[in-house]
């Protein structure tokens with residue numbers, strides 16, 4: 001990938017990530033509290049729905065930038081003809097690689113953010129300090145495996161669907177989709193992917209919020225899913241599905257639309273520059 005493409009992906013991804021995380025933060029807080037072991041009301045209900053926002057704000061830009069740099073680079077590395085039946089495979093591999101890299105930044109931010117969301121009386125810095133003091137660096141990466149196991153299936157659904165919908169829309173109208181059309185495709189793809197991967201999101205939330213030293217805190221996704229199923233059944237596995245779908249559909253619209261728009265503008269500016 002050339003330097004303008006690399007820079008455009010980095011900046012566009014970062015801007016898209018910050019935009020969506022800050023705009024949709026209240027929905028994310030409600031979803032986390034619905035999934036928390038103590039229940040929605042005890043976790044804070046509708047109070048302090050911006051608790052944990054500093055952690056999200058700090059992690060958003062580098063997290064999204066890392067994802068899209070990797071995503072575009074792997075797509076470029078695995079270059080195939082646009083008509084090839086291998087195109088969805090390329091998008092799946094690129095998205096999976098992007099998630100694995102981005103989670104190195106996302107997980108510490110997510111651990112601090114989710115604990116702040118269910119403990120609004122503590123500041124983000126207090127929670128960050130407590131994690132380091134009680135659990136060390138590995139405490140910040142608790143749930144890395146479960147987050148990757150959530151994000152990769154999510155991306156395997158979302159990104160090939162997004163790219164396929166854009167290609168279909170482009171073919172139907174005989175020209176490349178506009179940014180708002182890309183955003184609509186992103187909303188549909190994100191909402192569908194969010195619905196089918198909600199149980200993995202519930203497991204990830206339980207692992208991140210579990211008391212240090214407990215069996216859930218060990219990070220076993222199947223064990224966490226089994227515990228939720230045993231205590232709450234199917235409803236527990238899909239706790240928070242509607243705010244999650246709403247947040248990710250809106251997020252897909254803003255995130256992928258803003259990414260396409262910003263990247264196109266930056267590449268255009270790069271072409272015009274001497």
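Residue numbers (UniProt numbering): 1 to 274.
Cβ atoms here follow ideal geometry from the backbone N, Cα and C, with glycine treated the same way.
Taking DSSP as the reference, what is the three-state secondary structure of residue i?
i: residue 263; result: helix
i: residue 47; result: coil
i: residue 238; result: coil
i: residue 71; result: helix
i: residue 133; result: helix
i: residue 190; result: helix
i: residue 10; result: helix
i: residue 214; result: coil
Can you name the start and end residues of the alpha helix (DSSP H) that residue i belongs to?
i: residue 28; result: 25 to 35
i: residue 38; result: Counting along the chain, residue 38 falls outside any alpha helix (DSSP H), and DSSP gives it neither H nor E.
i: residue 165; result: 144 to 173
i: residue 111; result: 87 to 117
i: residue 204; result: 198 to 209
Can you tell me which of the options puts its alpha carbon nearest to the alpha carbon of residue i?
i: residue 148; options: 16, 219, 130, 34; result: 219
i: residue 23; options: 60, 195, 12, 242; result: 60
i: residue 104; options: 266, 145, 193; result: 145
i: residue 58; options: 41, 249, 18; result: 18
i: residue 235; options: 137, 207, 202, 193; result: 202
i: residue 50; options: 30, 253, 142, 130; result: 30
Any idea if residue i is buried or exposed, counting beta-carbon neighbours within 10 angstroms, 16 or more meaning buried?
i: residue 85; result: exposed
i: residue 79; result: exposed
i: residue 212; result: exposed
Do residue j and residue i count as a contact pair if the criterion is CB distance below 7 Å?
i: residue 241; j: residue 198; result: yes
i: residue 100; j: residue 159; result: no
i: residue 74; j: residue 102; result: no
i: residue 161; j: residue 189; result: yes
i: residue 244; j: residue 194; result: yes
i: residue 27; j: residue 247; result: yes
i: residue 131; j: residue 143; result: no
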